[in-house]
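These notes are about the structure you will find just below.
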Amino acid sequence: QWRTPDNIFWGINTLFGPFVLDLFTDGDNAKCAAYYTAKDNALAHDWSERLAELKGAAFGNPPYSRASQHEGQYITGMRYIMKHASAMRDKGGRYVFLIKAATSEVWWPEDADHIAFIRGRIGFELP
Numbered sequence: 002q003w004r005t006p007d008n009i010f011w012g013i014n015t016l017f018g019p020f021v022l023d024l025f026t027d028g029d030n031a032k033c034a035a036y037y038t039a040k041d042n043a044l045a046h047d048w049s050e051r052l053a054e055l056k057g058a059a060f061g062n063p064p065y066s067r068a069s070q071h072e073g074q075y076i077t078g079m080r081y082i083m084k085h086a087s088a089m090r091d092k093g094g095r096y097v098f099l100i101k102a103a104t105s106e107v108w109w110p111e112d113a114d115h116i117a118f119i120r121g122r123i124g125f126e127l128p
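Residue numbers for the sequence shown follow this note's numbering, so the first one is 2 and each next one is one higher.
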């Protein structure tokens, strides 16, 4: 998977962290010691409980692929990712996502507490 550049992550972490849980990683590109891989399926877990244990915030650079399922549960798809994120926020915890500025998409998080735009295009790192 493409990797979030360290300078972008550390900048976001400085402003909104500390991040203790990476929600979407292949394991090799994790930005936090605690993380979920596609095999773990972050959308099947209660992030708020995990954050209460870890005492910090969650970072997510989700995959922008089409929605897909594994054993009847969604594992990708921005609509499902943002829906789960909203439900988790209602339960507690802080969640910060690095997502494309697609403000007209149905999944755009209108109810976000804060939205910050990064000027230009981010050069994600090769795996």
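Just so you know, even glycine gets a beta-carbon here, dropped at the ideal spot from N, CA and C.
Predicted model only: the values in this text are computed from it and were never measured.
Can you give me the start and stop residues for the beta strand (DSSP E) that residue i sits inside?
i     : result
Thr38 : 35-38
Asp23 : 20-26
Tyr96 : 96-98
Is the beta carbon of residue j closer than 9 Å to that of residue i?
i      : j      : result
Ile13  : Val107 : no
Gln74  : Ala45  : yes
Pro63  : Ile100 : yes
Thr6   : Ile123 : A quick correction: the sequence has Pro, not Thr, at residue 6. Contact: yes.
Glu126 : Trp3   : yes
Starting from residue i, trace the alpha helix (DSSP H) both ways and give me its first and last residue.
i     : result
Leu16 : 7-17
Arg4  : Neither: Arg4 is in no alpha helix (DSSP H) and is coded neither H nor E.
Lys32 : No alpha helix (DSSP H) holds Lys32; DSSP gives it neither H nor E.
Tyr1  : Any answer about residue 1 is impossible in this case: the structure gives the chain only from 2 up to 128.
Ala88 : 79-92
Who are the near neighbours of residue i in its chain, counting only those whose CB is closer than 6 Å to its CB and skipping five residues on each side?
i     : result
Arg95 : Ala58
Met83 : Trp108, Pro110
Gly61 : Leu24, Phe25, Phe98
Met79 : Trp108
His85 : Leu44
Tyr37 : Leu24, Ala43
Would the beta-carbon of residue i be found less than 8 Å away from any heavy atom of the ligand SAH?
i     : result
Phe98 : Annotation note on the ligand SAH: not contained in the displayed structure, which lists no ligands.
Could you have a look at residue i and say whether DSSP puts it in helix, strand or coil?
i      : result
Ala58  : strand
Glu126 : strand
Arg120 : coil
Could you name the residues of the same chain whose beta carbon sits closer than 8 Å to that of residue i, not counting the 5 residues immediately before and after it, in chain order?
i     : result
Leu1  : Beyond the ends of the chain as shown, which are 2 and 128, falls residue 1; an answer cannot be given.
Asp47 : Met89, Lys92
Ile9  : Leu99, Ile119, Ile123
Ala35 : Val21, Leu22, Asp23, Arg51, Leu55
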